[in-house]
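Report on the structure given below.
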Amino acid sequence: MNDMNDIKHHLHDEILLAYSAGALPEAFNLIVATHLEMCDECRAAAQAFDSVGGVFLDETAKVSMSKDALANTLTLISKMPGIKGSEPQNKIPNPLAAYVGSSLDDIKWRPIGMGVRQAVLKTSKSATARLLYIPAGSVVPDHGHRGTELTLVLKGAFSDETARFTVGDVETADQSLEHTPMADIGEDCICLTATDAPLRFNSWFPRLAQRFLGI
Ligand code: ZN
Ligand code: ZN
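Okay, so the sequence shown: first residue is 172 according to the numbering used here, each after it adds one.
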């Protein structure tokens, strides 16, 4: 994999906080844990949430959190000394390897149209984790989201209407985003995604595929 210092798009604090609190569905836990193994910055933040936010969340988990409470926790954490993580690894990150094995070559891909392939991972049903294989220069059909979608780049890079995402980057998409991710021209792109609601594709053919393939 590439130099992980190049990561520009990170997990949002709300996601890290929910991860520390054990409040995320399995598919989201997987993508967070995988990013944390690739990213010193988020790993340090998560460790801070674990030590400070964990205590805080025990007290507040049963009530909805106010904006102030989150801001106060973040301020507290920003004042903590930095926590140095271990070196990133040059293979499939361990959390993901537990689901797919140690090599991306062994994955059983299924076509979902326009050259794009997917492999849905076995997780609890409240959210879906899948690997996406986007051939160089190909696009994932234009789509919006009914829930939250996290996309982590494992190999190659893609761009959409918002930015370019390279290895280790995470895109956080919600209802407000309609996008058409396109893999870089020079290299196939492999991503890990987590979604907590079915995507809604915009043209009739992908919608048909959605019905039959469950994407
Ligand atoms: Zn990060
Ligand atoms: Zn999307």
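Glycine included, each C-beta is placed from N, C-alpha and C at the ideal position.
For this session: Please state if the CB of leucine 292 and the CB of valine 271 are separated by a distance shorter than 8 Å.
Result: Cβ atoms of valine 271 and leucine 292: closer than 8 Å.
Exercise. When the distance is taken between beta carbons, is histidine 180 closer than 8 Å to phenylalanine 329?
Worked result: No; because the gap between Cβ atoms is not below 8 Å, this pair is not in contact.
Exercise. Going by C-alpha distance, which of Val223, Leu303, Leu207 and Leu325 is nearest methionine 285?
Worked result: Of the listed residues, the one whose Cα sits closest to methionine 285 is Leu303.
For this session: Tell me whether alanine 217 counts as near ligand 2, meaning its Cβ is closer than 7 Å to at least one heavy atom of that ligand.
Result: Result no, Cβ not under 7 Å from ligand 2.
Problem set entry | Three-way DSSP call (helix, strand, coil) for isoleucine 202 in this model | It is helical.
For this session: Starting from the N-terminal end, write out each residue whose C-beta falls within a distance shorter than 5 Å of any non-hydrogen atom of ligand 4.
Result: As for ligand 4, it is missing from this structure, which binds only ligand 1 and ligand 2.
Exercise. Using the rule of at least 16 other Cβ atoms within 10 Å of the residue's Cβ for burial, across every protein chain shown, is isoleucine 356 buried or exposed?
Worked result: Per the 10 Å Cβ criterion, exposed.
Exercise. Which class does alanine 368 belong to by DSSP, given the choice of helix, strand or coil?
Worked result: Looking at alanine 368 - three-state DSSP - the assignment turns out to be coil, as it is neither helix nor strand.
Problem set entry | Endpoints, alpha helix (DSSP H) assigned at isoleucine 283 | Unbroken run through isoleucine 283 is the beta strand (DSSP E), 281 to 284; no alpha helix (DSSP H).
Exercise. What's the call for proline 352, buried or exposed, on a 16-neighbour Cβ count within 10 Å?
Worked result: So proline 352 ends up on the buried side.
For this session: Could you work out which residue in Ser347, Thr299, Ala204 and Asp276 is closest to leucine 267 when comparing CA atoms only?
Result: When only C-alpha atoms are compared, the closest one is Ala204.
Exercise. Is cysteine 360 near isoleucine 283, with beta carbons less than 8 Å apart?
Worked result: Inclusion of cysteine 360 and isoleucine 283 in the CB contact set at 8 Å is not warranted, their separation being larger than that value.
For this session: Within the same chain, show all residues whose beta-carbon is closer than 6 Å to that of leucine 187, passing over the 5 residues directly before and after it, in chain order.
Result: So the list reads Ala216, Ala217 and Phe220, once near-sequence residues are dropped.
Problem set entry | Residue closest to histidine 206, alpha-carbon to alpha-carbon, out of Leu182, Tyr190 and Gly308 | Cα-wise, what sits closest to histidine 206 is Leu182.
Problem set entry | First and last residue of the uninterrupted beta strand (DSSP E) at leucine 325 | It spans 320 to 326 - the beta strand (DSSP E) in which leucine 325 sits, taken as one unbroken run.
Problem set entry | Selected residue, minimal CA-CA separation from phenylalanine 199, among Arg214, Lys279, Ser297 and Pro312 | For phenylalanine 199, the closest alpha carbon among the candidates Arg214, Lys279, Ser297 and Pro312 is that of Ser297.
For this session: Hey, could you find the ends of the alpha helix (DSSP H) alanine 217 is sitting in?
Result: Segment 211 to 219, the alpha helix (DSSP H) holding alanine 217.
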